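J.: Using the numbering used here, you'd call the opening residue of the sequence shown number 3 and step up by one each time. Positions of the beta carbon are idealized from the N, C-alpha and C atoms, including for glycine. The model shown is predicted, which means the values in this text are computed figures rather than measured ones. First the structure, which I've put down as structure tokens, then a few questions once you've had a look.
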Amino acid sequence: MYINLFFQQWDDEKYTNLGTMLFNNYTQALNIINTQTVALADAMKSLDLTVEDLRRLGEEEQKYFDTLSEEVPWDVHAMAYIEALQEWCSVYAQLDAASATFLNSTPANYQFVDLTSGPTSYSSDLLNTRKLET
Numbered sequence: 003m004y005i006n007l008f009f010q011q012w013d014d015e016k017y018t019n020l021g022t023m024l025f026n027n028y029t030q031a032l033n034i035i036n037t038q039t040v041a042l043a044d045a046m047k048s049l050d051l052t053v054e055d056l057r058r059l060g061e062e063e064q065k066y067f068d069t070l071s072e073e074v075p076w077d078v079h080a081m082a083y084i085e086a087l088q089e090w091c092s093v094y095a096q097l098d099a100a101s102a103t104f105l106n107s108t109p110a111n112y113q114f115v116d117l118t119s120g121p122t123s124y125s126s127d128l129l130n131t132r133k134l135e136t
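Shown next, in the form of structure tokens:
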């Protein structure tokens with residue numbers, strides 16, 4: 003019951019606000035017509051526009067807004083491509099950060115071993131490495 007009352011109140015407020023907005027737009031349009039017709043005529047003259055051009059532009063705008071909700075397939079694919087690129091950049095940045103962290107870190111138990119002069123004994127190095135790993 004309260005939900006029904008809430009939505010009824012909400013609808014009433016929306017219709018009131020819509021009516022107020024339409025009234026304000028109407029009075030603003032009348033004010034513009036009454037006070038700025040000279041400025042409009044001057045602007046039309048400087049832009050070489052006629053009343054017919056304004057009507058045509060209005061029709062083009064209406065056609066544009068009528069088809070605005072319909073996405074062109076090219077736009078859908080372009081947006082998917084852009085989103086994939088953005089995701090790739092994000093993952094690449096994470097990879098770069100992880101790689102830098104890995105390459106710039108030194109384990110806590112790292113022991114530096116001096117190089118021995120002379121021939122290297124790989125078997126003894128292998129033995130030392132295995133001892134350190136266990």
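1) If you run the structure through DSSP and keep just helix, strand and coil, what is residue 24?
2) Excluding the 5 residues flanking residue 134 on each side, which residues of the same chain have their C-beta closer than 8 Å to its C-beta?
3) If we ignore side chains and look at the alpha-carbon of each, how far apart do residue 92 and residue 131 end up?
4) Give the range of the alpha helix (DSSP H) segment to which residue 94 is assigned.
5) I need the DSSP call for residue 125, collapsed to helix, strand or coil.
6) Could you tell me the alpha carbon to alpha carbon distance between residue 116 and residue 80, rounded to whole angstroms?
7) Using the Cα positions of residue 41 and residue 63, report the straight-line distance between them to the nearest angstrom.
8) Between residue 108 and the rest of its own chain, which residues show a CB-CB distance below 7 Å, the 5 nearest in sequence each way excluded?
9) Tell me the residue span of the alpha helix (DSSP H) that contains residue 64.
10) Any idea what DSSP makes of residue 113, helix, strand or coil?
T.: Quick answer:
1) helix
2) 113
3) 38 Å
4) 75-106
5) helix
6) 57 Å
7) 22 Å
8) none
9) 53-68
10) coil
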